[in-house]
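Working notes, structure below.
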Amino acid sequence: MATAGVWQGGWRPATIPQRCVDTGRESMTDFGYVEDFTASQGVLPPRARLDTSAPSLDLDGDWRFRWSPSLAATTEGFESVDFDDSDWRTLPVPSCWQLTDIAERTPDQDPLGWDLPAYTNVLYPFPIDVPHVPDANPTGEYRRDFTPPQGFGDDQDRVLLRFDGVDSSFACYLNGQLVGTATGSRLVHEFDVTDLLVPGRNVLAVRVHKWSAASYLEDQDMWWLSGIFRSVSLLARPAGGIDDVFVHADWADGVGTLRVEVSGGSATVRLPELDLEMAPGETRELPGIEPWSAESPRRYLLEVVGERETVRQWIGFRSIAIRDGVLYANDRPLIFRGVNRHEWHPETGRTLDRATMLADVLLMKRHNINAVRTSHYPPHPDFLDLCDEYGLWVIDECDLETHGFEVIGWQGTPATDERFFPALLERMQRTVERDKNHPCIALWSLGNESHTGPGIAAMAAWTKERDPSRPVHYEGDYECEYVDIYSRMYSSLSEIDAIGQRLAEHDGYQTGVVPPRYTERSRSLPFMLCEYVHAMGNGPGELREHQELIERHDRIAGGFVWEWIDHGITPVQGRRSFRYGGDFGEELHDDNFVIDGLVLPDRTPSPGLIELKKVFEPIRITIGADVVEVENLHRDGDCGDLRFAWTLVDGAGDELEAGELDVPPVATGERVTVPLPTTGAGVLTVSATLAEARNWAETGHEITFGQADRREPGTPDAGAGRPAPEVASFDGRGRLTELFGVAVEGPVLDLYRAPIDNDRRGSHAADAATAWHRIGLHRLHHRLVSAADTATGLEFVTQDGPAATNAGYRTSWRWTAVPGGVRLDVTGEVVGDLGATLPRIGLRFGVPDEWDRLTWFGRGPGEAYVDSHESQRLGRWTAGIDELQTPYVFPQENGNRAEVSWCLVGGGEAGHGLRIESDTPINVSLRPWTAEQLAAATHVDDLVAGDRHWLNLDLAQHALGSAACGAPPSREHWLTPRDFSLGLTFRPL
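As numbered in the numbering used here, residues 25 to 1013 make up the sequence shown, in order.
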């Protein structure tokens, strides 16, 4: 491999790697950097990203591009000024080459001979043979011409070439000369090109390699994509200009403390809003400063004015501290209500524009999220600007993950391999230096899932010395030898509770990890869940239970849900469903494990995000017997910007009364009570909305709500007499064939649901879906045991169970006439051993496909389950058949409406359908396919509607949980085999 190069205006490898010489091409000697442990050559030291008055040239746009499958197939002399690239295609910069034109492809089509996207979670898609990578190393060659504006490159200035993000290794040439090489895909690299720039036409050429020694450091549970995926620019640097700025803006007891370090020429520091002028390095105390926080992101515009350059920097005064094992921001305990965020767009991959980043920030703010962990690399710098402006705490994470070494027992992991240490340290340095001036950043994170060792410890030591104002985080340091936060992933509820109490031991519940040694230092630090409640598919469940524990223990600084967005790739030609791992013929892949977000790939909020908004509520409304209690969970503000409105509806969903509550200001952490506005019976709802628009939401945006069900208990309709033939017809098995003149099928006992991801993946417990399939709950047989024509109606008894076992249900079905309709009483008795849990207990009907609308009184408007229903309020709701489905990228159980007391199902002809009333609240779903058809599908494309819609009326369903990457649901939410009874009344519409 090449050793360190020599910087003399350009870089050349000091030695020639033998494996390159063996190819027989002399020019291959330039490729030594690909397998070099050295992070970069010819790159300038890192510095902050500055908003400067100095001129710059945007080099984004269409570049000439050629792709080759290996180093041996790259283009001889492509860097030459005179090279003819007229037959090359164009490729936009920034972009990921695997996703270019993907929407125009046919399924499984290789894009013009380029390599396709590939997804793995843990596994390296190449042999672990450090530092080597496969000979089949896809390489992209980029070229573009540009003419510098007048003033670039004059005798008194320097000119820098900046790359904001290139995956994974690249060499840069200007006018035929090698400028340098670099790795660290999500990191900024700047090169001094002053001596290589010429007046008029200049030619920039970049060779980008998919694999390099650095790929061992970037195994970050995402699609492997390549290219110049962030911007490229040319920067004019005036002589004596401002090279770097480090703002230290602290706050305590209403007093701000400001000190600004400036590198470069002489300068003056100004804060115009405060009429402040000071020298670099000087410290000033500023009374009356408003602190920055996620709730109140107060910023001040700072100017650093030099002789030939002015830098403008938005700053925020705030303090982050740890006292007595509690994390504080601005002298108040800080709880992160956070999410992990990969950068992703279904069409452009890791290339995001500012509008997309703003969409993420606004969605987060509108769903009561106050923090983001930038998993697992520094984000595009514009995202941090937006977090500063709109108010989101950030854990800024280094571009580091080596999870694939876990497969070989962490042998040779970079954390312990000295050859990688310079690269590890440089990655952390580039992270901190670029982002150090953002008030939103509360913690620095050293990376993710990279084991532990002296290499990572050195990163921590440097970071603490460079910026002692922010604590250091790294989940992999289980004994907390060099970090300031005790951090865990996917802990069980019992473990969280034990850690919150600082108990000497806990159960160490974590994926693939032997329970870590829980040291005295571990117990003394704040605790944070850097990842929890895996938001894959339908879920996560038990969000409320997690939040209650977080709020119960002062030690717990909150957590970050995994994760923000499904990494689905836009449908290819002829498809309508998003693609995931394995859809591009990958040798190794982790299928839909990359579809694990709170928003769908197109950024549609999932039911999980709606639930999270309610659980993360910063205002809690509790309705008592005669008062309404309002609790302020904010760390800033007194709720004075909120309006509290109330409504009372009856059991039919009709409004009875409405008004507004007079809620006095509520101090942070305090609560007030106000008298109930009504004594009427019904469902009372109190809603907290914005009284005035904020920069992230309009007036009237709902923050949260509270409800109380004050309805009088209902009594079922009485009736006698048997059903007349025109009311109901049955077949020889005791099933309905016609009801009120309409052909129907069933009902039959239904014990099955299409497994959700949390059913069919079991990181910590037995795979529930496997157990359900093993016993055969998806293939029940129904046998008529007896039929009786009684004085009051018809009674059927059935035996319902799967083949090859004696387990099942003995079920009694009793039909009686009631005024205006017919009543069904069903009782079921468990027979034999049906296993630990059941997916559901309920009835399934086949109804006409023109019955495509559902109106119900129950929780809504969205789906709800036993451990995920806080966000759905009681009321009357109506939805069409498509609205009733949640289009999870991987098809699975969805669309359940909970706590339904009555529903109307119908459509087509006016008044055509059924009214169904239940003695006890039930679950209802209506869909164009059976649970078995839904379970057989792997993409939305696979779902084809038939000539029936399928109506489920369920007593219960099993919990959602988070077992795809977390603990199984708590036993209190399990649906265990049990005897049941259900009373339903059917009336024609």
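Glycine included, each C-beta is placed from N, C-alpha and C at the ideal position.
- Here Q337 is bridged, per DSSP, to L326.
- Taken through DSSP and simplified to helix, strand or coil, S119 comes out as coil.
- Between V929 and L938, the gap from beta carbon to beta carbon is short of 7 angstroms.
- Spanning the alpha carbons of N719 and L624 requires a straight line of approximately 24 angstroms.
- D82 and A303 have their alpha carbons spaced roughly 32 angstroms apart.
- By DSSP's assignment, G479 forms no beta bridge with any residue.
- Collapsing the DSSP output to three states places G609 in coil.
- Taking a 10 Å sphere around the C-beta of I432, we find fewer than 16 other C-beta atoms and assign the residue as exposed.
- Rounded to the nearest whole angstrom, the CA to CA distance from R807 to G825 is 9 angstroms.
- If you check the CB distance, G832 and R972 do not come in under 7 angstroms.
- Non-local C-beta neighbours of S64 in its own chain, meaning closer than 8 angstroms and more than five positions away in sequence, comprise G204, T205, A206, T207, G208, H213, E450, ordered along the chain.
- From the listed residues P737, P402, K637, S290, the smallest Cα separation to S942 is found for P737.
- When DSSP assignments are scanned along the segment 638–723, the uninterrupted stretches of beta strand (DSSP E) that are 3 or more residues long and fall wholly within it turn out to be 643–647, 651–656, 666–673, 679–685, 695–699, 707–714.
- When secondary structure is reduced to three states using DSSP, I634 falls in the helix class.
- About 4 angstroms separates the Cβ atoms of Q896 and A888, confirming a contact at the 8 angstroms cut-off.
- Using a Cβ-Cβ distance cut-off of 8 angstroms, the segment 848–858 and the segment 869–885 are not in contact, since fewer than three pairs of beta carbons, one from each stretch, lie closer than that value.
- Look at R167 here: in three-state DSSP terms it is strand.
- Its Cα nearest to that of L95, the residue E59 stands out among D125, E59, D106.
- Taking a 10 Å sphere around the C-beta of R71, we find 16 or more other C-beta atoms and assign the residue as buried.
- Every beta strand (DSSP E) stretch that sits fully inside the segment 815–880 and reaches 3 residues is listed by chain position as 817–826, 832–842, 845–855, 864–872.
- DSSP places N782 in the helix class (H, G or I) of the three-state scheme.
- Exposure of A815 is indicated by the presence of fewer than 16 other C-beta atoms within 10 angstroms of its C-beta.
- Between the segment 547–560 and the segment 983–999 there are three or more inter-stretch CB-CB distances shorter than 8 angstroms, so the stretches are counted as touching.
- Distances from the CA of D781 to each of W670, G565, L763 were compared; the closest alpha carbon is that of G565.
- The beta carbon of R322 is closer than 7 angstroms to those of E314, P315, W316, G340 in its chain, skipping five residues each way along the sequence.
- Distances from the alpha-carbon of I574 to those of G606, Q525, D614 put Q525 closest.
- The Cβ-Cβ distance between I252 and V190 falls below 7 angstroms.
- R1002 and V854 have their C-alpha atoms roughly 6 angstroms apart.
- Assignment of L624 by DSSP, reduced to helix, strand and coil, places it in the coil class.
- Boundaries of the beta strand (DSSP E) around Y197: 193–198.
- In the DSSP assignment, the residues bridged to E555 are M513.
- As the crow flies, the alpha-carbon of S994 is around 20 angstroms from that of F584.
- A direct Cα-Cα distance of roughly 5 angstroms separates R458 from R73.
- Between the segment 107–120 and the segment 369–385, the count of Cβ pairs shorter than 8 angstroms is three or higher; the stretches touch.
- For S548, the enclosing alpha helix (DSSP H) has its first and last residue at 544–548.
- Counting along the chain, V385 sits inside no beta strand (DSSP E); it lies in the alpha helix (DSSP H) bounded by residues 378–390.
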